[in-house]
Amino acid sequence: MEFKRVSVIGLGYIGLPTAAVIASRGIEVVGVEINQKAVDTINRGDIHIVEPDLDIVVQSVVATGKLKATLEVEPAEAFMIAVPTPFKKGNADQNSPDLSYIESAAKAIAPVLEKGNLVILESTSPVGATEKLAQWLKEERPDLSFPQDVGSQADINIAHCPERVLPGYVLQELVSNDRVIGGISSACSEKAKALYSTFVRGECIITNARTAEMAKLTENSFRDVNIAFANELSVICDKLQINVWELIKLANRHPRVNILTPGPGVGGHCIAVDPWFIVDSCPEEAKIIKQARLVNDAKPHYVVDQVLSAADEFKKPVIACLGLAFKADIDDLRESPALQIVETLCTNSEASLLAVEPNIHELPSSLAEKGVELVSFSQAIERANVIVVLVDHKEFRAADKTTLARKVVIDTRGIM
Ligand code: SAJ
Numbered sequence: 001m002e003f004k005r006v007s008v009i010g011l012g013y014i015g016l017p018t019a020a021v022i023a024s025r026g027i028e029v030v031g032v033e034i035n036q037k038a039v040d041t042i043n044r045g046d047i048h049i050v051e052p053d054l055d056i057v058v059q060s061v062v063a064t065g066k067l068k069a070t071l072e073v074e075p076a077e078a079f080m081i082a083v084p085t086p087f088k089k090g091n092a093d094q095n096s097p098d099l100s101y102i103e104s105a106a107k108a109i110a111p112v113l114e115k116g117n118l119v120i121l122e123s124t125s126p127v128g129a130t131e132k133l134a135q136w137l138k139e140e141r142p143d144l145s146f147p148q149d150v151g152s153q154a155d156i157n158i159a160h161c162p163e164r165v166l167p168g169y170v171l172q173e174l175v176s177n178d179r180v181i182g183g184i185s186s187a188c189s190e191k192a193k194a195l196y197s198t199f200v201r202g203e204c205i206i207t208n209a210r211t212a213e214m215a216k217l218t219e220n221s222f223r224d225v226n227i228a229f230a231n232e233l234s235v236i237c238d239k240l241q242i243n244v245w246e247l248i249k250l251a252n253r254h255p256r257v258n259i260l261t262p263g264p265g266v267g268g269h270c271i272a273v274d275p276w277f278i279v280d281s282c283p284e285e286a287k288i289i290k291q292a293r294l295v296n297d298a299k300p301h302y303v304v305d306q307v308l309s310a311a312d313e314f315k316k317p318v319i320a321c322l323g324l325a326f327k328a329d330i331d332d333l334r335e336s337p338a339l340q341i342v343e344t345l346c347t348n349s350e351a352s353l354l355a356v357e358p359n360i361h362e363l364p365s366s367l368a369e370k371g372v373e374l375v376s377f378s379q380a381i382e383r384a385n386v387i388v389v390l391v392d393h394k395e396f397r398a399a400d401k402t403t404l405a406r407k408v409v410i411d412t413r414g415i416m
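Residue numbers (full-length UniProt numbering): 1 to 416.
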């Protein structure tokens, strides 16, 4: 099965690297994006997102004409949908997935679909979303047949193949990770496997669409639950006056124990979102998964309380917050517990606030407007009496710890 022309719908953190990697294999790729600025940037050979080495790959495939970005969907043999699936923010303890971007993508693809085409849903999705995608396409194109069950043969092939790459390592992981491929029918799975085999060196494992959907949600929920365990331990240890980092190191010496690392909360666009898709489908059954979300979401508030009571000891408190990104060594501040903590401190404290974030040059307006200053590590240590470690960036890990001797240090990452 040869693919000459592939379309990727949504050129964001997953779609753009996927489009560029496929194009680098010599396949013509048409990337579809609703954001005109992103289209122009990509067609100039530049990128609008931060991911190591992606600029080099995009520049080269745009220069050779293998990748172009457009606003309008064009005919292709395969369509890969990589659009966001956020949740509709509800109450703090109930969030439902918003599939409207997938629905819009389906409506955009439908007019150009031809017999034999393959449509792949890459976006992280609740169980049943791939079947819904098939339904939306069918409503738009009653002239074509769509797969119903595992044994069916149809004009259009539909599969779910969730992305599983780690931000910061996307180009390596896109190629080296194993892929779970869940076709609505066996024929869909085989066709999708043929497409992924053009650029994936890991194994492509076939299952059905519902299992593939659940596999992705399970991976991120597994991590969320395990981080919640570590976060809960950190709060228990504070109360019992035990050093949680030493405790975890000791417990992890057991050959069958591997506790993750506590932190200021769980950020990013996946781990704090995906477990809710399982809770939304099975609210009565998903007890641990839901509780883990609540434990991790409560951690930033716990850190704020710790900082406020430390600052209370000073007449003129100066608080330095080390790190704003959602995890180490990246510049991504979106959905970051560190940012949430600094924003809350701005509102709840009279203290002067300093922020150190080696990966950005300018503070987000939510902090700049409230008088937070972006300073260097050494300036922060000199001026602050309370130091809060929020992200374990390499610069902080390498810092000379003796400079902190006379400070109150709240180390949410255990690096000091
Ligand atoms: N974190 C901790 N303690 C830990 C590990 C992580 O507090 O021991 C925090 C991080 O600081 C961060 C958050 O969890 O705030 C998430 O970071 P992460 O590195 O665990 O994951 P992401 O969100 O960058 O990427 C995840 C990955 N999923 C898994 O590792 C199971 C990635 O493979 C997925 O492709 C991605 O979600 C996604 O797109 O779903």
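Ideal Cβ positions, reconstructed from N, Cα and C, are used throughout, including at glycine.
query	result
Considering only DSSP beta bridges, list what I206 is partnered with.	I181
By alpha-carbon positions, which one of C282, Q340, V61, E33 ends up nearest to L217?	C282
Would you say the beta carbon of N359 is closer than 6 Å to some non-hydrogen atom of ligand 1?	no
Do V303 and I341 come within 7 Å of each other at the CB atom, strictly closer than that value?	yes
With a threshold of 6 Å, establish whether the CB of I271 neighbours any heavy atom of ligand 1.	yes
Return helix, strand or coil for C282, following the three-state DSSP convention.	coil
Does the distance from the C-beta atom of D224 to that of A286 stay below 7 Å?	no
Looking at the structure shown, is N385 part of a helix, part of a strand, or coil, going by DSSP?	coil
Check whether the region 205–222 and the region 252–267 are in contact - that is, three or more C-beta pairs closer than 8 Å.	no
Could you check what DSSP says for T344 in three-state terms: helix, strand or coil?	helix
Out of D143, F377, A154, which one is the CA nearest neighbour of E395?	F377
Looking at the strands, I want to know which residues DSSP matches up with P97.	F87
According to DSSP, is residue 418 helix, strand or coil?	Since the displayed the chain opens at 1 and closes at 416, residue 418 lies outside it and no answer follows.
My output table needs one value for H160: the three-state DSSP class, helix, strand or coil.	strand
Looking at G267 and ligand 1, is the gap between the Cβ and the nearest heavy atom below 6 Å?	yes
Are W136 and A108 touching if we call contact CB-CB under 7 Å?	no
Below 8 Å, can you find three or more Cβ-Cβ pairs linking the region 110–119 to the region 156–175?	yes
Taking C-alpha atoms, which residue in K370, I387, V58 lies nearest to D46?	V58
On the three-state DSSP scale, how would you describe E219?	helix
For a quick check, are the C-beta atoms of C346 and K315 less than 7 Å apart?	no
What three-state label does DSSP hand D305 in the structure shown?	helix
Just list the residues that DSSP pairs T70 with in beta bridges.	V32
Relative to the alpha-carbon of V170, which residue among P142, I49, R397 has its alpha-carbon at the smallest distance?	I49
Please list, in chain order, all residues of the same chain as R210 whose beta carbon is under 6 Å from its beta carbon, the five residues on each side excluded.	V127
With three or more C-beta pairs closer than 8 Å as the rule, is the region 3–18 touching the region 170–190?	yes
Under the DSSP definition of a beta bridge, which residues are partnered with F79?	S7, V119
When every heavy atom of ligand 1 is checked, does at least one fall within less than 6 Å of the C-beta of L166?	yes
Nearer than 6 Å: is that true of the beta carbon of R397 relative to any heavy atom of ligand 1?	no
For R141, does the count of other Cβ atoms within 10 angstroms reach 16, so buried, or fall short, so exposed?	buried
Pick from C204, D400, E190: whose alpha carbon is nearest that of N177?	C204
Given a cut-off of 7 Å, decide if A310 and V375 are closer than it, judged by their beta-carbon atoms.	no
What span of residues does the beta strand (DSSP E) with V409 cover, start to end?	408–411
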